[in-house]
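Under the working numbering, the final residue of the sequence shown carries the number 679; numbering is consecutive throughout.
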Amino acid sequence: MTTGEVHRLAREHGLRFPPDPGAAEQSQIGGNIACNAGGPHAFKYGVTGRWVTGLEAVVPPGEVITIGGPIRKDVASYDLRSLLIGSEGTLGIVTAAWLRLVPAPELELPVAAFYAGVGEAVAAIERVLATGVVPAAIEYFDGTTLRFAGGSFPGGVPAEAGFMVIVEADGAAEEARRAQRELLEALREEALSLHAPERPGEVAEVWRWRGGIAFALLAQKGGAIGEDVAVPLDRLAEIAEETLAIGARHDLVALSFGHAGDGNIHSNFLFSPDDPAELERVEAACEEIYELAVRLRGSVSGEHGVGCLKRGALERQLDPVTLELHRGVKRLFDPKGLLNPGKKV
Ligand SMILES: Cc1cc2nc3c(=O)[nH]c(=O)nc-3n(C[C@H](O)[C@H](O)[C@H](O)COP(=O)(O)OP(=O)(O)OC[C@H]3O[C@@H](n4cnc5c(N)ncnc54)[C@H](O)[C@@H]3O)c2cc1C
């Protein structure tokens, strides 16, 4: 079942399944659980694992196990549910899940704010956080992202914009409107312009645009590697600026955008698929991004996982003892190494 299908089923009953990974129409709920996927609204609602109360899985050599269920609390056992969530299919295959749903918010009110540069934008995000209002999402887009994808942004992008921040207020109508007023106040200072749609169709357009960014970037040269490191929130400006510096050092088109509120950054490097030398430079640039994330006390992956592409990156992040514990867990579940061999650990 695709994530989009879960969303639609929930909506038909006035409910919401909050995790909203970008590729919702392609990804499966099992894949979301396997990767513990996030999305723009993870800032307020958290990632997929927070909404899974139980799992059915098949573990080697072919046994069906059930962990948790339709219950809110369970501390009787070791937390194998959390261990399987985000294990990228290396410990077991998820065959069913109990998902927690919430009443859908009455109103969703995004505000897009444009700034001249990263300094002004990060200051605005800090003011937003200081309001005490918890936005549903806090997203950012650097100047190069706006140059490639801004043409289709509903409401237009000011010519001098070097950075955009999108925050969203949601909840019961009155509560969402009050929160939006506070967010607008926090974002206004130093903003070049603000775009605050209210009609549901216009609101949906903003998120549809957000969902299309990866494809707009891919269209530039035919290839793009989008990393997903996560760093402490106060290092956001550093990683946005360093992404450009790393790209320049490797003679690559570089840009970044992502889930600013979670410090989860998509550093992107573009390449032509028919230029193997350029792809090699992209791989070298990605290695530098992992190194930077670890140096900033972050993670090599905030939402996509390690898979094959980031093979070896986990070794940068974990100390040898923790790494060996990971390998021990893998051996315990899957002694013959049959499940997704070579992925993650
Ligand atoms: C345009 C685009 C936007 C994206 N945006 C986001 C985003 O906002 N947030 C985010 O977190 N990710 C995002 N992603 C990455 C990806 O779509 C998600 O991480 C998604 O959760 C992966 O699910 P899938 O069904 O596509 O899994 P797949 O890609 O098919 O599989 C991913 C891994 O999980 C394993 N797996 C799949 N199903 C199961 C199962 N049932 N049991 C055990 N293991 C399984 C696979 O073997 C594989 O190792 C995006 C990807 C694209 C292309």
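For every residue, glycine included, the Cβ atom is placed at its ideal position computed from N, Cα and C.
Hey, is the stretch 591–603 in contact with the stretch 559–579, meaning 3+ C-beta pairs nearer than 8 Å? yes
Pull up the DSSP beta-bridge partners for residue 397, would you. 393
Assuming contact is defined by CB atoms lying nearer than 9 Å, are residue 428 and residue 376 in contact in what I supplied? no
Distance, residue 362 Cα to residue 335 Cα: 5 Å
Hey, which unbroken runs of the beta strand (DSSP E) at 3 residues or more fall wholly within the stretch 452–513? 471–476, 497–505
Residue 431 by DSSP, collapsed to three states: which one? strand
Quick check on residue 666: buried or exposed, where buried means 16 or more other Cβ atoms within 10 Å of its Cβ? exposed
Going by the C-beta, is residue 368 closer than 8 Å to any heavy atom of ligand 1? yes
Output needed for residue 351: all residues of its chain with C-beta closer than 7 Å, excluding positions within five of it in sequence on either side, in chain order. 340, 341, 344, 385, 433, 435
Thinking residue 588 and residue 526 are a contact (beta carbons under 8 Å), I'd like their distance in whole angstroms, please. About 23 Å separates the two Cβ atoms, so there is no contact after all.
Tell me whether residue 610 sits in a helix, a strand or coil according to DSSP, three-state version. helix
Where residue 527 falls: helix, strand or coil (DSSP): strand
Tell me which residue opens and which closes the alpha helix (DSSP H) that residue 589 is part of. Careful: residue 589 lies outside any alpha helix (DSSP H), inside the beta strand (DSSP E) at 587–593.
Extent of the continuous beta strand (DSSP E) run through residue 444: 441–449
Buried or exposed: where does residue 586 fall if 16 or more other Cβ atoms within 10 Å of its Cβ makes it buried? buried
Compute the beta-carbon to beta-carbon distance between residue 387 and residue 353, rounded to the nearest angstrom, for a pair I have assumed lies under 8 Å. In fact, because the Cβ distance is near 14 Å, the residues do not count as touching under 8 Å.
Given this structure, state the Cα-to-Cα distance separating residue 656 from residue 648, to the nearest angstrom. 10 Å
Would residue 395 and residue 670 qualify as a contact pair, given that the criterion is a beta-carbon distance under 9 Å? yes
Terminal residues of the continuous beta strand (DSSP E) containing residue 599? 598–605
CB residue 418 to CB residue 405, shorter than 9 Å? no
For the beta strand (DSSP E) that contains residue 559, what are its first and last residues? 557–560
Run of the alpha helix (DSSP H) containing residue 574, from where it starts to where it stops: 570–583
Shorter than 8 Å, the distance from the beta carbon of residue 524 to the closest heavy atom of ligand 1, or not? no
At a cut of 8 Å, does the stretch 466–473 reach the stretch 511–525 through at least three beta carbon pairs? yes
Helix, strand or coil for residue 631, going by three-state DSSP, please let me know. coil
Reduced DSSP secondary structure (H/G/I, E/B, other) of residue 616: helix
Distance cut-off 8 Å: residue 674 Cβ against heavy atoms of ligand 1: yes
Under 8 Å, with one C-beta from each stretch per pair, do the stretch 501–509 and the stretch 409–417 reach the 3-pair mark? no
Is the beta carbon of residue 562 closer than 9 Å to that of residue 637? yes
Give a single yes or no on whether residue 337 has its beta carbon closer than 8 Å to a heavy atom of ligand 2. Ligand 2 is not among the ligands present in this structure, which contains only ligand 1.
Please report the straight-line C-alpha distance between residue 486 and residue 531, rounded to a whole angstrom. 15 Å
Cα-Cα separation between residue 424 and residue 661, rounded to whole angstroms: 11 Å
Starting from residue 342, follow its DSSP beta bridges and name the residues at the other end. Paired residues: none, contrary to the question.
Can you find the residues in the same chain that come closer than 6 Å, C-beta to C-beta, to residue 461, ignoring five residues on each side of it along the sequence? 520
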